[in-house]
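Student: Take this structure, written in structure tokens, and hold onto it; I'll ask about it next.
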Amino acid sequence: MRTVPCVWVLLLAAAPARAQEEKPREAAPPYRFVHITDIHFEDSGRLDWGVRNAKGFGEFVAFMNETMKPDLVVLTGDLVQDITQERPFKDLPPTEHVSQLRKFKEALAKLRAPCAVVGGNHDWTEFEEIFGHRNTRHDGPVAFVGLGLKHTNRPLGWGVFEDADWLKKQLDGESIVFLHHPLDFPTFQNPGAVRKILEDSGKVKLVLQGHLHGFRDNPQKGIHYVTGPMFGTKGNGFLVGEIHKDRIEIVRWGREDGPWKPSGKPHVIAR
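Right, dumping it as structure tokens:
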């Protein structure tokens, strides 16, 4: 009987293992982030819709924890309501405004996912007191760079971005920028200067913003300026983004009287 050289036996024995090792790996799931804005949380009972939004935010947190399970939640300001609805508008007492921000932060703490948050004009200067920052950064497959304004007028929210040098240093790789006031709409003093920094960097394809209470995707010079809808208004909720190898997809989610569900086709942004 012919014998098989032991070296061939070893090679034959190793072949299945090698084939197993060379089996293509399954693609990693996309990185999922959620963008929520203009919550106007207010649970004192003074504003019916504020109480409704406060309750809805608690339901949002539960939905994130139990169903959506995102890698990151991005919040772009107007977390609470700091003025009455009377005309002329009247400011809440500072102590009550701080109390609402603290309550919102407690509600946010129940979220299991990491979050990146900046303030809006309704959060005013007390945002920095409660959250401890004006600008922020969260690193994932891209950097999420959050910008805060110094607000100079209340309640209209006119303000200025003062941290250009800080921003330039943050754009050291592919980045998603987020802030409350739109950069493609004249809602503060120097949006053009901020846009130029983003354009010159060549690192930014997407800006997440709020303030206008309505969804829109406005591409300009290679950057998509995506404004989120006001949370809590009927049919509106939040945006869900997925970062793939070659693109970012953004889908609106909302609800009428039932559960949250996606609405419309994805907005696709090439990386």
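The sequence shown lines up with residues 277 to 547 when you count with the numbering used here.
All C-beta atoms in this analysis are idealised placements derived from N, C-alpha and C, irrespective of residue type, glycine included.
#1: Among Phe437, Thr509, Asp347, Ile519, whose alpha-carbon lies nearest the alpha-carbon of Arg471?
#2: Exposed or buried, what is Lys481 when buried is set at 16 or more other beta-carbons lying within 10 Å of its beta-carbon?
#3: Alpha helix (DSSP H) containing Pro370: first to last residue?
#4: Report all residues from its chain with a CB closer than 8 angstroms to the CB of Gly416; omit the five preceding and five following residues, and keep chain order.
#5: Note down, in chain order, each residue of its chain lying with its Cβ closer than 7 angstroms to the Cβ of Ile473, except the 5 sequence neighbours on either side.
#6: According to the neighbour-count rule (16 or more other Cβ atoms, all chains shown, within 10 Å of its Cβ), is Asp533 buried or exposed?
#7: Can you look up Asn494 in the DSSP assignment and give me helix, strand or coil?
#8: Exposed or buried, what is Val548 when buried is set at 16 or more other beta-carbons lying within 10 Å of its beta-carbon?
#9: Relative to the C-alpha of Val421, which residue among Trp434, Gly396, Asp399, Glu450 is closest?
#10: Mind reading off the beta-carbon distance from Asn329 to Gly486? Whole number of angstroms is fine, and I expect it under 8 angstroms.
#11: Taking the alpha carbon of Ser539 as the reference point, which residue from Thr352, Pro505, Val374, Phe407 has its own alpha carbon closest?
#12: Taking the alpha-carbon positions, what's the Asn397 to His427 distance?
#13: Please state if the CB of Leu484 and the CB of Phe464 are separated by a distance shorter than 7 angstroms.
#14: Would you identify the three-state DSSP class for Gly334, choosing helix, strand or coil?
#15: Tell me, to the nearest whole angstrom, how far the beta carbon of Asp358 is from that of Asp314; I am working on the premise that it is less than 8 angstroms.
#16: Going by DSSP, what residue range makes up the beta strand (DSSP E) through Leu447?
#17: Quick one, are the C-beta atoms of Lys497 and Leu447 less than 7 angstroms apart?
#18: Here's a check: name, in chain order, each residue in its chain whose Cβ is nearer than 8 angstroms to the Cβ of Trp529, leaving out the five neighbours to either side.
#19: Mind checking whether Ile545 and Ile524 have CB atoms under 7 angstroms apart?
#20: Thinking just about the alpha-carbon of each residue, which of Ala385, Glu335, Pro369 is nearest to the one in Asp399?
Tutor: The short version:
#1: Residue 471 sits at position 195 when you count from the first residue of the sequence shown. The shortest C-alpha separation from Arg471 is found at Phe437.
#2: As a position in the sequence shown, residue 481 is number 205, starting the count at 1. It is buried - the Cβ of Lys481 has at least 16 other Cβ atoms within 10 Å.
#3: Translated into the one-based positions of the sequence shown, residue 370 becomes position 94. For Pro370, the uninterrupted alpha helix (DSSP H) segment begins and ends at 370-384.
#4: For this step, residue 416 is matched to residue 140 along the sequence shown. Beyond the five residues adjoining it in sequence on each side, Gly416 comes within less than 8 angstroms, by CB distance, of Tyr307, Phe309, Asp347, Leu348, Ile519 in the same chain, given in chain order.
#5: As a working mapping, residue 473 is identified with position 197 in the sequence shown. The beta carbon of Ile473 is closer than 7 angstroms to those of Ala440, Leu443, Lys444 in its chain, skipping five residues each way along the sequence.
#6: Taking the first residue of the sequence shown as position 1, residue 533 is located at position 257. Exposed, because fewer than 16 other Cβ atoms sit within 10 Å of the Cβ of Asp533.
#7: In the sequence shown, counting from the first residue as 1, residue 494 sits at position 218. Strand at Asn494.
#8: Within the shown structure, residues of the chain are numbered from 277 to 547, placing residue 548 beyond reach of any answer.
#9: One-based indexing of the sequence shown puts residue 421 at position 145. If we check each option's Cα against that of Val421, Glu450 comes out closest.
#10: Along the sequence shown, read from residue 1 onward, the residue named residue 329 stands at position 53. Along the sequence shown, read from residue 1 onward, the residue named residue 486 stands at position 210. The Cβ separation is near 14 angstroms, so there is no contact.
#11: What you label residue 539 is simply residue 263 of the sequence shown in a count that begins at 1. The option with the nearest alpha carbon to Ser539 is Pro505.
#12: Residue 397 sits at position 121 when you count from the first residue of the sequence shown. Residue 427 sits at position 151 when you count from the first residue of the sequence shown. Spanning the two alpha carbons is a distance of roughly 7 angstroms.
#13: Against the sequence shown, residue 464 aligns to sequence position 188. Against the sequence shown, residue 484 aligns to sequence position 208. No, the pair does not count as a contact, with Cβ atoms beyond the cut-off.
#14: On the sequence shown, position 58 is the one that residue 334 refers to. For Gly334, the three-state secondary structure derived from DSSP is helix.
#15: To locate residue 358, count along the sequence shown from 1; it is residue 82. To locate residue 314, count along the sequence shown from 1; it is residue 38. Their Cβ separation, rounded to whole angstroms, is 13 angstroms, which puts Asp358 and Asp314 out of contact at 8 angstroms.
#16: Position 171 of the sequence shown, counting from 1, holds the residue named residue 447. Taken as a continuous stretch (DSSP letters only), Leu447 belongs to no beta strand (DSSP E), as it is neither H nor E.
#17: Walking along the sequence shown from the start, residue 497 turns up at place 221. Walking along the sequence shown from the start, residue 447 turns up at place 171. For the 7 angstroms CB-CB criterion, Lys497 and Leu447 do not form a contact.
#18: One-based indexing of the sequence shown puts residue 529 at position 253. So the list reads Gly513, Phe514, Leu515, Val516, Trp536, Lys537, Pro538, Ser539, once near-sequence residues are dropped.
#19: The residue you call residue 545 lines up with position 269 of the sequence shown. The residue you call residue 524 lines up with position 248 of the sequence shown. With contacts defined as CB atoms closer than 7 angstroms, Ile545 and Ile524 qualify as a contacting pair.
#20: Numbered from its first residue, the sequence shown carries residue 399 at position 123. Just measuring C-alpha positions, the residue of Ala385, Glu335, Pro369 sitting nearest Asp399 is Pro369.
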